[in-house]
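J.: Going by the working numbering, the letters in the sequence shown line up with residues 444 to 761, in that order. Idealized CB from N, CA, C, for every residue including glycine. Please read through the structure below; I'll follow up with questions.
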Amino acid sequence: MQGKKILVTGGTGQVARPVAEALAPDNEVWCLGRFGDPDARKALEERGARTVTWDMAADGLEDLPRDFTHVLHSAVHRGDGRDFEETARVNAVGTARLMTHCSSAEAFLYVSSGVIYHRADSTHRYREGDPLGGAAPWLPTYPIAKLSAEGVVRGLAEALSLPAVTARLNIAYGPYGHGGMPMILFDQMRRGQPCAVPREGQNYCNLLHTDDVVRQVPLLWDAARVPARVVNWGGDEEVGVTDLLGYMSALTGVPVVLERGDHSRETAVFDHEVRRGLIGGCSVGWRSGIARTLAEMFEEYRDRIERYADEHAAGMSE
444 MQGKKILVTG GTGQVARPVA EALAPDNEVW CLGRFGDPDA RKALEERGAR TVTWDMAADG
504 LEDLPRDFTH VLHSAVHRGD GRDFEETARV NAVGTARLMT HCSSAEAFLY VSSGVIYHRA
564 DSTHRYREGD PLGGAAPWLP TYPIAKLSAE GVVRGLAEAL SLPAVTARLN IAYGPYGHGG
624 MPMILFDQMR RGQPCAVPRE GQNYCNLLHT DDVVRQVPLL WDAARVPARV VNWGGDEEVG
684 VTDLLGYMSA LTGVPVVLER GDHSRETAVF DHEVRRGLIG GCSVGWRSGI ARTLAEMFEE
744 YRDRIERYAD EHAAGMSE
C-alpha cells in the first residue's frame, strides 16, 4: 500500500500501532491516541507517523485535515465497568464524529470485538449472524462500548455513502504494548500468580499475530462497502487457553498455577468462512508466534526458548 493518506485511532494498541508503523514509510499516516506511553509515541514518530493527542471522550477533530483516504478506528472507551450510559455515549459520539469528519474516505475499518456475541456453549463457533448481547464479567461496560459503535458504523456508512467494514477481533497478540492476552497471562506466571481457567474443560480462542494484523488491514479496507460489511477477525487455529499456558511454561521453564473456578475470562472461537472468502488465511501459526513474541518481550528467556524450538524441530524431523 503506497501513497495513501491514512488516519489511525488508538495509536498505541495491539492493532493500531503495528499497522501505523508498517504503513508510515510509504504513506502519510496520522495516528491519534492518548499516548500514555511516550516510548510508543516516539517509536511511531521515528517510523514517520504524525501523532496527535486525542481523547475520544473529550476532544474534537477540528484541527485535523479531512482528506484521508483510509481510516482504521480501533480506539475505544472501555468504561469503568459501571457507567453504561457514558460508555455508550462516548463510543457512539466519538465514532460518529470520526466518520463524519472522514466522510470522503475510500474505506473505513472499525475494530470491534467478539465480546459482543451472546454466549452459547464453549464449543460454539460464532458466525457473523449469531445473536448479539455479550457479557464480560471482567469489565461489564466493554460489550456496550463495541455494540454502540457498531451501530453507528452501520448507520453512517449508509447515510454518508462511506464504504465501511467492521472486523470483530478475537485475540490479537505480538511484541507491542502489553503484548496482548497471552503476554498478560505469562506476566502473571512470572509473578507466581495463579491463572484463572474454567472449572471443567478450557476456554478456546483464535490467536491473531500482529504480522497477520498488518498484512490483513489493507485487505479489509478493500472489502469495505455500503452497507457496511461485518467480518470475524482472528487466527485460523483454535487454541485452548489452558494449552497456551502449558506451552508458554514449556518454552520458558516458568511454572503455571491453574486456578480452576467459575470466574475465568471467557474467550470465543470464530467461524472464519466469511473472512477466508474475503481476505484469505493467516500466515503465522500460534506456537511459532507465541515463541517469537515471548523471546522479543522477555529477553531473559530467549536462549531457553530458542533451545526448546531447536530441540523440538529436530525431534519432528527424525
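To which residues does DSSP link F741 through a beta bridge?
T.: F741 pairs with nothing; no bridge assigned.
J.: If you compare alpha carbons, which of N613, T653, E742, P618 is closest to V684?
T.: The option with the nearest alpha carbon to V684 is N613.
J.: So, for G622: in the same chain, excluding its five sequence neighbours on each side, which residues have a beta-carbon less than 7 Å away from its beta-carbon?
T.: Y616, T736, M740
J.: Tell me whether G537 sits in a helix, a strand or coil according to DSSP, three-state version.
T.: helix
J.: Check whether the Cβ atoms of L515 and L450 sit closer than 9 Å, and answer yes or no.
T.: yes
J.: Would you check if the distance between the CB atom of V608 and the CB atom of A539 is smaller than 9 Å?
T.: For the 9 Å CB-CB criterion, V608 and A539 do not form a contact.
J.: How is T769 classed by DSSP in three states: helix, strand or coil?
T.: One cannot answer for residue 769 here, as it falls past the ends of the chain, which runs 444 to 761.
J.: Given a cut-off of 9 Å, decide if R477 and D498 are closer than it, judged by their beta-carbon atoms.
T.: The beta carbons of D498 and R477 sit closer together than 9 Å.
J.: Count the other CB atoms, across all protein chains shown, that sit within 10 Å of the CB of K485; report buried if there are 16 or more and exposed otherwise.
T.: A residue is called buried once 16 or more other Cβ atoms fall within 10 Å of its Cβ, and K485, having fewer, is exposed.
J.: With 16 as the cutoff for other CB atoms within 10 Å, does Q636 come out buried or exposed?
T.: Exposed, since its Cβ has fewer than 16 Cβ neighbours within 10 Å.
J.: When you compare each of R745, E601, I722 to V697 by their alpha carbons, which one comes out closest?
T.: Nearest option by C-alpha distance: R745.
J.: Residues bridged to W473 by DSSP?
T.: L450, R493
J.: Leaving out five residues before and five after A610 in sequence, what residues of the same chain have Cβ atoms less than 6 Å from its Cβ?
T.: Taken in chain order, the residues that qualify are V554, L663, V674, W676.
J.: Express the C-alpha separation of R493 and A671 in angstroms, rounding to a whole number.
T.: One alpha carbon belongs to A671, the other to R493, and they sit about 28 Å apart.
J.: What first and last residue would you give for the alpha helix (DSSP H) that runs through G704?
T.: Run containing G704: none in the alpha helix (DSSP H); it sits in the beta strand (DSSP E), 701-704.
J.: If you draw a straight line from the C-alpha of T530 to the C-alpha of H544, how long is it?
T.: 21 Å
J.: Just the Cα atoms here: how many angstroms apart are G720 and L603?
T.: 27 Å
J.: Say whether the stretch 694-708 touches the stretch 551-568, bearing in mind that this needs 3 or more beta-carbon pairs closer than 8 Å, one atom from each stretch.
T.: no
J.: Apart from the five residues on each side of it in sequence, which residues of its chain come closer than 7 Å, Cβ to Cβ, to Q445?
T.: D469, N470
J.: What three-state label does DSSP hand P580 in the structure shown?
T.: coil
J.: Helix, strand or coil: how does DSSP classify F551 here?
T.: strand
J.: Could you check if F551 belongs to the surroundings of the ligand NAP, using beta carbon to heavy atom distance under 8 Å?
T.: By its list of ligands, the structure shown contains no ligand whatsoever, and the ligand NAP lies outside what it can speak to.
J.: Closer than 6 Å by C-beta to A518: which residues in its own chain qualify, once you throw out the five before and the five after it? Chain order, please.
T.: T452, G453, M499
J.: Can you tell me which of R718, D523, F713, Y690 puts its alpha carbon nearest to the alpha carbon of A752?
T.: Nearest option by C-alpha distance: Y690.
J.: Measure the Cβ-Cβ separation of V712 and R568 and say whether it is below 9 Å.
T.: yes
J.: Am I right that V458 and L466 are in contact with their C-beta atoms under 8 Å? What's the rounded C-beta distance?
T.: Rounded, the Cβ-Cβ distance is 12 Å, inconsistent with contact.
J.: With a Cβ-Cβ cutoff of 9 Å, do E680 and G728 count as a contact?
T.: yes
J.: Keeping to the same chain, check which residues put their C-beta closer than 8 Å to that of L504; ignore five residues upstream and five downstream.
T.: So the list reads W497, R540, L541, H544, once near-sequence residues are dropped.
J.: Provide the residue(s) that pair with S556 in DSSP beta bridges, ordered along the chain.
T.: L612
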